[in-house]
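Take a look at the structure below.
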Amino acid sequence: MVVELLSGKAVVIDATVGGGGHAEALLRDGVGTVIGLDRDEAALRGTVGRLGSLGARFRPVRSRFSRLAEVVRGLGVRAVGGVLFDLGVSSMQLDTPGRGFSYRSAGPLDMRMGSADPGPTAATVVNTYSEEQLANVIYLFGEEWRSRSIARAIVRARGRAPIAGTDELAAIVAGAVPRRRGGPHPARRTFQALRIEVNQELEELAASLPQAASLLEPAGRLVVISYHSLEDRLVKRFLAEDPLFLPLTRRPIRPSVAEVAANPRARSALLRAAERRTEAAA
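The sequence shown runs 1 to 282 under our numbering.
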């Protein structure tokens, strides 16, 4: 669907290039140039290696996407045919225990999208936020209605010793709330909330969407894949409030059964797309 929406564009920004899957597909489909941003230096190195055969058509930049306009204009580009955001954490990050994103494996409580990023880690949040602050983060960013019980259990546990590992935190959360048979792991929403807090993900998205709009040429397209309702609501509201956008998806597009079977992590994906009108058309 992403390739179909952005096919034929001269320049596309992949604002969250990750492992480079979308960038490679777009370039092989005939997109002229892809500018790929990512704050994760390890992911970017891998993508450069993967797309090396495509030469200068792929232009990688290590940056968070809240600096989108500054980065792109610094490359001498003034307008683009498309901007893609594939939000959330990548499979590579989830599958690397040392990054601390997964509640399914033991690792340090880090969760920074860029391992060299300044600022707090998940361990900082877990061990220094007050019980009320923790409960608010878990409730707002994890949409977890048992947030107060979880925050209370975390504070009680860290009173004995600092919480340092993902497995330790997952066990604390699991001990604080019941698990439904066949349901998701009890720590899933708490880990999501901590990751969003550490990386300021909603603030990053809110700052970058207007920048993406400012870079689009007439008939340029914005495509956003989100993985939870907080991101999706933000994108939906932004597109609804900007009269220069013509929606291409009235409702978010969900992955097909075949796509989920091939990649179970795609099951929660929500895709929205819109096209930039000319001023006269608005």
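The beta carbon of each residue, even a glycine, is placed where N, CA and C say it ideally should be.
Worksheet item: Should Tyr103 and Arg188 be called a contact, given that it needs their Cβ atoms to be closer than 8 Å?
Response: For the purposes of this step, residue 103 is taken as the residue at position 103 of the sequence shown. For the purposes of this step, residue 188 is taken as the residue at position 188 of the sequence shown. Taking 8 Å as the cut-off, the beta carbon of Tyr103 is found closer than this to the beta carbon of Arg188.
Worksheet entry | Contact check, Pro97 vs Ser90, beta carbons under 8 Å | Counted from its first residue, the sequence shown places residue 97 at position 97. Counted from its first residue, the sequence shown places residue 90 at position 90. In this structure, Ser90 does not lie closer than 8 Å to Pro97 by Cβ.
Worksheet item: Considering only C-alpha positions, which residue in the set Lys236, Pro264, Leu202, Glu275 is nearest to Ala219?
Response: Here residue 219 is taken as the residue at index 219 of the sequence shown, counted from 1. It is Glu275.
Worksheet item: Taking buried to mean at least 16 other C-beta atoms within 10 Å of its own C-beta, is Glu24 buried or exposed?
Response: Sequence index remark: in the sequence shown, residue 24 carries index 24 (1-based). Buried, by the Cβ-count rule.
Practice prompt. Could you check what DSSP says for Thr249 in three-state terms: helix, strand or coil?
Written response: Here residue 249 corresponds to residue number 249 of the sequence shown, with the count starting at 1. Reduced to three states, the DSSP call for Thr249 is coil.
Worksheet item: Of all the options Pro186, Asp40, Gln200, which has the alpha carbon lying nearest to the alpha carbon of Leu94?
Response: Position 94 of the sequence shown, counted from the first residue, corresponds to residue 94. Out of Pro186, Asp40, Gln200, Asp40 has the C-alpha closest to the C-alpha of Leu94.
Discussion item. Cutting at 7 Å between CB atoms, please list the residues of its own chain near Arg152, excluding the five before and the five after it.
Written reply: Stepping through the sequence shown from its first residue, residue 152 is reached at position 152. Once the five neighbours on either side are set aside, the close Cβ partners of Arg152 are Glu131.
Practice prompt. For Gly18, collect the residues of the same chain with a Cβ closer than 8 Å to its Cβ; drop the 5 residues on either side in sequence, then sort them by chain order.
Written response: Numbered from its first residue, the sequence shown carries residue 18 at position 18. Cβ neighbours of Gly18 beyond the five flanking positions: Asp38, Asp40, Ala43, Thr47, Asp86, Ser90, Met92.
Practice prompt. Report the three-state DSSP secondary structure of Val71 (helix, strand or coil).
Written response: For this step, residue 71 is matched to residue 71 along the sequence shown. Here Val71 sits in helix by DSSP.
Worksheet item: Rounded C-beta distance between Ala56 and Gln211? I'm assuming under 8 Å.
Response: Numbered from its first residue, the sequence shown carries residue 56 at position 56. Numbered from its first residue, the sequence shown carries residue 211 at position 211. Not confirmed; about 24 Å, so no contact.
Discussion item. Just verifying my parser: in three-state terms, what is the DSSP assignment at Leu5?
Written reply: As a working note, residue 5 is residue 5 in the sequence shown. Of the three classes helix, strand and coil, the one that applies to Leu5 here is helix, per DSSP.
Worksheet item: Just the Cα atoms here: how many angstroms apart are Phe141 and Gly88?
Response: Locating residue 141 in the sequence shown gives position 141, counting from the first residue. Locating residue 88 in the sequence shown gives position 88, counting from the first residue. Rounded to the nearest angstrom, the two C-alpha atoms are 13 Å apart.
Worksheet item: Is the stretch 120 to 127 touching the stretch 254 to 269 in the sense that three or more CB pairs, one from each, lie closer than 8 Å?
Response: Between the stretch 254 to 269 and the stretch 120 to 127, the count of Cβ pairs shorter than 8 Å is below three; the stretches do not touch.
Practice prompt. Work out the CA separation of Gly52 and His22 for me, nearest whole Å.
Written response: Translated into positions along the sequence shown, residue 22 becomes position 22. Translated into positions along the sequence shown, residue 52 becomes position 52. When the Cα atoms are used, His22 and Gly52 turn out to be separated by approximately 15 Å.
Worksheet item: How far does the alpha helix (DSSP H) with Pro210 in it reach, from first residue to last?
Response: As a first step, residue 210 is located in the sequence shown; it is residue number 210 there, counting from the start. Start and end: 201 to 215.
Fill in: Same chain, Cβ closer than 6 Å to Val155, neighbours up to 5 away in sequence not counted
By 1-based counting over the sequence shown, the position of residue 155 is 155. Taken in chain order, the residues that qualify are Glu131.
Worksheet item: What do you get for Ala280, buried or exposed, if any count of 16 or more other CB atoms within 10 angstroms of its CB means buried?
Response: As a first step, residue 280 must be located in the sequence shown, where it is residue number 280. A caution first: Ala280 carries a pLDDT of 45, below 50, which makes its placement in the model unreliable, though a value can still be read off. Looking at its Cβ environment, which holds fewer than 16 other Cβ atoms inside 10 Å, Ala280 is exposed.
Discussion item. Less than 8 Å between the C-beta atoms of Gly32 and Val11, yes or no?
Written reply: Residue numbering aside, residue 32 sits at position 32 when the sequence shown is read from its first letter. Residue numbering aside, residue 11 sits at position 11 when the sequence shown is read from its first letter. In contact: Gly32 and Val11 (Cβ atoms closer than 8 Å).
Worksheet item: For the candidate residues Leu222, Ser268, Phe245, whose alpha-carbon lies nearest to that of Ile230?
Response: Here residue 230 is taken as the residue at index 230 of the sequence shown, counted from 1. In the sequence as displayed, the identity of residue 230 is Leu instead of Ile. With distances taken between Cα atoms, Leu230 lies closest to Ser268.
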